[in-house]
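Contents: one structure, followed by commentary.
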Amino acid sequence: MKNLKLGISALALTVASTVFAQTTTNPWLIGVGAHGINHVAVGGKSLGSTLGTAFGGDDANRLYNINNFTITPPLSKLTVARNINKYLVLDWQTSVGNIDNKRINMGKEFFLMTGLGLQFKFNGLWNEESWFDPYLRVGANYMRHDYSGVTFPVTDYYHNITYPGFSDNQAFTQRRKDHFTVAGGLGSNFW
């Protein structure tokens, strides 16, 4: 097992030493990495209350507390992306691991999220081959995370809310394993 870890580390260093910026002349990107999930920072039913919970308000700094994250090890995330032009990238991302939900006190369950996204690359505005490559991403995903063992009502002690069920206790949302999600975010590549 030690030799396998050493081999994977050597391969990662070899790939990292030969990486070039993703540009219109070098359009493909294949990346591996780790991912972290923070259920605690999310709260509320509207975008305003969600951002307020994550970045301020009574629940300030839940986004920045590392103890709220469930972090999976490297090689748990795969990204394949292709430049459409110097501003847009179409990507497919997959993350897999065993994730808990600290917000509703749920133990670790198998987690899979895969989907397509569109990135707007800000460095297309100044220098496409810059070492700093920030982007804005939106996407649609399939998520497999088994909530069938959750018994309602469940209390979210972080936000002092009791949920009668998913989505206002609608019957079709109870005890589900398969979910459709919309993702958005900011990120950066360093070349």
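The letter at position 100 of the sequence shown is residue 123 when you use our numbering, and the numbering goes up by one with no holes.
All C-beta atoms in this analysis are idealised placements derived from N, C-alpha and C, irrespective of residue type, glycine included.
Computed from a predicted model, the values in this text were never measured in an experiment.
Checklist entry - Between L141 and L113, which are expected to be in contact by the criterion C-beta below 8 Å, what is the C-beta distance as a whole number of angstroms? => result Indeed they touch by this definition, with Cβ atoms about 6 Å apart.
Checklist entry - Thinking C-alpha only, which one of T47, T95 and L111 is nearest L135? => result T95
Item to check | Sheet register partners of W115 (DSSP bridge) | outcome: V103 and L139
Checklist entry - Under 8 Å, do S118 and K131 count as touching if we go by C-beta distance? => result no
Item to check | V103 burial status per 10 Å Cβ neighbour count (16 or more: buried) | outcome: exposed
Item to check | Beta-bridge pairing of W51 - partner residues as DSSP gives them | outcome: DSSP, once it has assigned bridges, lists R105 as partnering W51.
Item to check | H202, enclosing beta strand (DSSP E) - first and last residue | outcome: D201 to F213
Next on the checklist: Does N124 come out as helix, strand or coil in the three-state DSSP assignment?
Outcome noted: strand
Checklist entry - What's the C-alpha gap between G147 and G59? => result A straight-line Cα-Cα distance of about 28 Å links G147 and G59.
Item to check | Reference N121; option with closest CA among P157, K109 and Y170 | outcome: Y170
Next on the checklist: What does the alpha-carbon distance come out to for the pair K200 and I127?
Outcome noted: Their backbone Cα atoms lie some 16 Å apart in a straight line.
Item to check | L98, DSSP secondary structure in three states | outcome: coil
Item to check | Extent of the continuous beta strand (DSSP E) to which T185 belongs | outcome: Where T185 is concerned, the enclosing beta strand (DSSP E) stretches over I184 to Y186.
Checklist entry - Can you give the Cα-Cα distance for P50 and I107, rounded to whole angstroms? => result If you take the alpha carbons of P50 and I107, they lie about 8 Å apart.
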